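Asks:
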Amino acid sequence: MDPRRPAGAARADYDRLRSLETLRGRRLRYAVTSVLLLLVFVLSPLAVVATWANSQVSDTDRYVRTVAPLAKDPSVQKAVTDRLTTHVVDNVDVNGISDALSSALAKADAPPGIVDKSQLLAGPLKNAVTSAVREVIDKVVTSGEFAEVWNGANRRAHAAVVKTLTGEGTGAWRPRATPSSWT
Numbered sequence: 000m001d002p003r004r005p006a007g008a009a010r011a012d013y014d015r016l017r018s019l020e021t022l023r024g025r026r027l028r029y030a031v032t033s034v035l036l037l038l039v040f041v042l043s044p045l046a047v048v049a050t051w052a053n054s055q056v057s058d059t060d061r062y063v064r065t066v067a068p069l070a071k072d073p074s075v076q077k078a079v080t081d082r083l084t085t086h087v088v089d090n091v092d093v094n095g096i097s098d099a100l101s102s103a104l105a106k107a108d109a110p111p112g113i114v115d116k117s118q119l120l121a122g123p124l125k126n127a128v129t130s131a132v133r134e135v136i137d138k139v140v141t142s143g144e145f146a147e148v149w150n151g152a153n154r155r156a157h158a159a160v161v162k163t164l165t166g167e168g169t170g171a172w173r174p175r176a177t178p179s180s181w182t
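The sequence shown begins at 0 in numbering that gives the first Met the number 0 and counts up one residue at a time.
(1) Taking the continuous alpha helix (DSSP H) assigned at Ser142, which residues delimit it?
(2) One question on the structure: do Glu167 and Val160 come within less than 9 Å of each other, judged by their Cβ atoms?
(3) Under a three-way DSSP split, which group does Asp12 fall into?
(4) Across the segment 136-154 and the segment 51-69, are there enough close Cβ pairs to call them in contact, namely three or more that are closer than 8 Å?
(5) I need the straight-line Cα distance from Val87 to Val93, nearest angstrom please.
(6) Flag this pair as yes or no: are the beta carbons of Gln76 and Asp137 separated by less than 9 Å?
(7) If you run the structure through DSSP and keep just helix, strand and coil, what is Ser101?
(8) Figure out for me which residue from Gly143, Thr165, Ala158 has the closest Cα to the Cα of Pro68.
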């Protein structure tokens with residue numbers, strides 16, 4: 000018999016305490032293992048997506064290769080044409096031109112009926128400006144040079160966004176968030 004091991008009642012008490020301690024340790028290990036497995040299952044997909052997004056988003060050349068075909072897509076060309084046309088026409092003061100024409104006619108002693116009717120030219124003038132601007136922009140957007148400009152603009156914009164998002168930028172770019180743009 001081993002003198003280091005208890006005998007009889009002491010042995011039973013020793014075995015009971017030992018099994019109780021083993022049970023507590025087992026429960027703790029089970030809880031820690033469960034939490035760690037849960038973290039692995041939750042964070043693994045996020046890590047895969049984050050790694051993919053980092054390689055896709057931070058690589059300017061890859062981004063430009065991805066968006067380059069869009070310059071030749073007719074729906075994108077139409078959207079660019081529409082947006083640029085609207086922007087240009089909105090910045091043309093057609094009413095100011097119409098008023099200037101009326102003033103010039105009045106100073107030139109044109110008959111009052113003609114001066115009054117010149118105000119009615121604002122609508123047709125806006126339509127003519129819109130049509131002319133749309134035609135010019137459409138020619139530019141559907142040309143081969145547009146793809147080069149598109150790629151260059153996307154390259155510069157992507158580089159600026161990456162610098163801003165990584166904190167490497169100079170802070171020159173600021174989002175234009177106003178209370179009216181929040182809705």
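We put the CB at the ideal spot given by N, CA and C, even for glycine. Every value quoted in this text rests on a predicted model; they were computed, and no experiment measured them.
Replies: In brief:
(1) If you look at Ser142, you'll find it isn't in any alpha helix (DSSP H); DSSP assigns it neither H nor E.
(2) no
(3) helix
(4) yes
(5) 12 Å
(6) Yes, these two residues count as a Cβ contact at 9 Å.
(7) helix
(8) Measuring from the Cα of Pro68, the nearest candidate turns out to be Gly143.
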